[in-house]
Each structure stands twice: as structure tokens, then as C-alpha cells.
Amino acid sequence: MQTLVKVQIPQALPTIMAGVNQTIMMAMSMVVTCALIGANGLGMEILLATNRVEMSKALFPGICIVIVAVILDRLTQALVKKSEVGQDG
Numbered sequence: 329m330q331t332l333v334k335v336q337i338p339q340a341l342p343t344i345m346a347g348v349n350q351t352i353m354m355a356m357s358m359v360v361t362c363a364l365i366g367a368n369g370l371g372m373e374i375l376l377a378t379n380r381v382e383m384s385k386a387l388f389p390g391i392c393i394v395i396v397a398v399i400l401d402r403l404t405q406a407l408v409k410k411s412e413v414g415q416d417g
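For any residue, its number in the numbering used here is found by taking its place in the sequence shown, counting from 1, and adding 328.
Right, here's the structure in full:
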């Protein structure tokens, strides 16, 4: 068990976090995709605005989705860097 906790998991953590990061980014892209099948939310706002060719109304929800995606991306990257620093010491 010590080998798993002290060696294997810390070595695998960057790969695990890369998978978590990709999953989060895929979930963010699904926000807009789900609107195509009728789900409510920011994706629906974007879809309705683009269907009416009101790009200014689609811009704000789109930017919100991008900002959330960037924040989540930076958080997962920070966790990987923090774990790498912890391994060095």
C-alpha cells in the first residue's frame, strides 16, 4: 500500500490530471452541444442568438463558457504543478 501511495500515484498524477483536464474541457464543449437537443442553460442562449443572427447576444454567454473553461484549466494545471513540487521535496 505504501508503494501505491508514495510512488505509483504521485508518478501517475500528471497523467491523471491531464485526463481530468480533458474531461472538463469536453464537458464545457457539451454545454453548447446539449442545447441542440433542447437542454436549457448558456448553450441554449448561444444557440437561440445564433439562430436569430444576433451575434452580440451570443457573445456574452460564449465568453462566460470560455472564462469558466480557462479557470478550470488553470486550476487543474496548478494542481499538477503543486504535486510536482511536493514530489521534489
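All residues carry an ideal CB built from backbone N, CA and C; glycine is no exception.
Computed from a predicted structure; not experimentally measured.
{"Asked": "Local conformation of I395 per DSSP, three classes", "Found": "helix"}
{"Asked": "Nearest-angstrom beta carbon gap, L375 and L364 [assumed within contact, 8 Å]", "Found": "7 Å"}
{"Asked": "Alpha helix (DSSP H) segment containing N368, residue limits", "Found": "Segment: none, N368 is in no alpha helix (DSSP H) and carries neither H nor E."}
{"Asked": "L407 versus I391 - alpha carbon distance", "Found": "24 Å"}
{"Asked": "C-alpha distance - M356 paired with C362, whole-angstrom precision", "Found": "10 Å"}
{"Asked": "Contact belief for P389 with L403 at Cβ below 8 Å, rounded distance in angstroms", "Found": "Actually they do not touch by this definition, with Cβ atoms about 21 Å apart."}
{"Asked": "Rounded C-alpha distance that separates V333 from V359", "Found": "35 Å"}
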